[in-house]
Amino acid sequence: MTTIVSQLANYVPGTTHTKTEAKSIWISDAQCQIYNVDMPIKQARQIVKALPFALEEQIAEDVDNLHIVYLGKEDGKASALVVNKQYMDGLFEHQIQHAYYLPLALPFDKNSASLAVLNDQVLLRLSEFKAYSIQKEAVGLFLQRFKNEFESIQVFGDLDELIKLEMESENIEIHQKTLDDLNQLIQSSRPNHDLMSGPYKVTIKKKNPKLDLLKTPLTLAAALFICAISINWIQAFQLDGKSEAVKNASKNYYEQLFPGESAGYGMKRMFRQKLEEGELVQNGETFTRLLSGIGNPISSMSSLELLGLRYNQSKATLEIELNAPSIAELDKLKKSLEQQSYTVEIAAANNQGGKIKGLLKVNKNG
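For this note's numbering, count along the sequence shown from 1 and bump the result up by 245.
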């Protein structure tokens with residue numbers, strides 16, 4: 246993580262310190278504050294549930310409008326970062342992945358505090374969970390209030406000389422540091438809190454390289470399968486399409502020979518029948534007529550599950566693969582088709598998982 250030194254030196258209250266590349270920021274805005282409340286509960290999960298009720302007595306604002314992040318517990322007090330949800334919504338809309346409280350980046354030790362001066366704002370850290378963001382003119386009052394909690398203090402940046410003299414008069418040892426020193430601390434820090442949590446957690450989906458490797462072969466296989474099916478259907482319909490074209494041409498020729506003749510419909514029907522009879526003698530029943538003929542008997546039997554169809558052009562036979570609850574149901578379908586002048590053979594009937602997987606071969610009599 247990086248924080249630009251010039252940003253710290255020229256800090257303007259209400260802005261954030263952007264982290265390069267990682268979309269992470271340090272927040273030093275006064276809208277974010279740490280609150281400490283008495284908490285007799287020990288389990289962290291239960292503390293998180295109880296925090297809104299405990300904080301309600303300290304915060305004048307409705308807790309439903311606040312985002313609360315539990316930090317930890319020390320000396321019987323639970324500590325939490327509290328931010329207005331409207332402020333958090335702004336961070337979320339900008340897809341900020343991580344947001345940290347800058348005062349918690351300041352170092353602390355037993356009997357030692359730290360302070361950073363950022364333009365008109367001052368950051369103060371007294372212990373692990375005691376950290377503040379205050380206006381520069383209020384720093385003297387804060388130090389006066391907490392002077393008994395530390396014996397020495399690290400000061401990052403330029404602190405008012407009068408305040409330094411006041412601390413020295415209280416025998417508080419001052420260690421002067423620069424904002425460059427603070428920047429190095431921030432770069433090496435590993436925060437144990439993140440404001441972008443709970444409802445504000447930004448999830449980044451990671452691609453699965455294994456799935457990406459499989460995607461192209463699977464797509465290719467699916468395309469080849471569709472092509473193969475399409476070719477079979479085209480071949481199956483080509484012959485029937487040609488004969489249909491001949492019939493239509495013949496009808497048109499008859500209408501040209503006998504325009505407006507009253508007996509034309511009967512003559513066309515006889516002409517068409519002769520063509521169909523010739524076709525049956527040469528090629529047998531076509532795939533499409535067989536398919537249309539068996540459709541109603543199969544669909545009327547709801548217990549049957551159609552698995553596949555295959556047309557044997559040389560034998561003019563339609564092979565039907567289906568599941569039936571019993572052999573009796575296959576025999577029932579066979580008889581139903583035979584009543585419509587079809588020749589039906591039950592070529593196979595195997596018991597698979599409580600169902601009968603059957604194969605019927607169907608062609609037209611005559």
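Glycine included, each C-beta is placed from N, C-alpha and C at the ideal position.
Listed in chain order, the beta strand (DSSP E) runs fully inside the segment 346-403 are 357-363, 366-370, 376-380, 397-401, counting runs of at least 3 residues. Here residue 289 is exposed. Its C-beta has fewer than 16 other C-beta atoms within 10 Å. When secondary structure is reduced to three states using DSSP, residue 606 falls in the strand class. For the 7 Å CB-CB criterion, residue 361 and residue 401 form a contact.
DSSP places residue 273 outside any alpha helix (DSSP H), giving it a letter other than H or E. About 19 Å separates the CB atoms of residue 308 and residue 438; that is not less than 8 Å, and the two are not in contact. The continuous stretches of beta strand (DSSP E) do not include residue 305, and DSSP gives it neither H nor E. For the segment 402-447, the continuous beta strand (DSSP E) assignments of 3+ residues that do not extend past its boundaries occur at 418-422, in sequence order.
With a beta-carbon spacing of about 6 Å, residue 368 and residue 378 fall inside the 8 Å limit used to define contacts. Closest by C-alpha distance to residue 392, out of 577, 380, 330, 408, is 408.
Sequence-distant Cβ neighbours of residue 567 in its own chain, meaning closer than 7 Å and more than five residues away, are 549, 550, 551, 552, 603. DSSP places residue 576 in the helix class (H, G or I) of the three-state scheme. If you ignore the 5 residues before and after residue 349, its C-beta comes within less than 6 Å of the C-beta of 376, all in its own chain and listed in chain order. Counting only the Cα atoms, residue 317 lies some 8 Å from residue 374.
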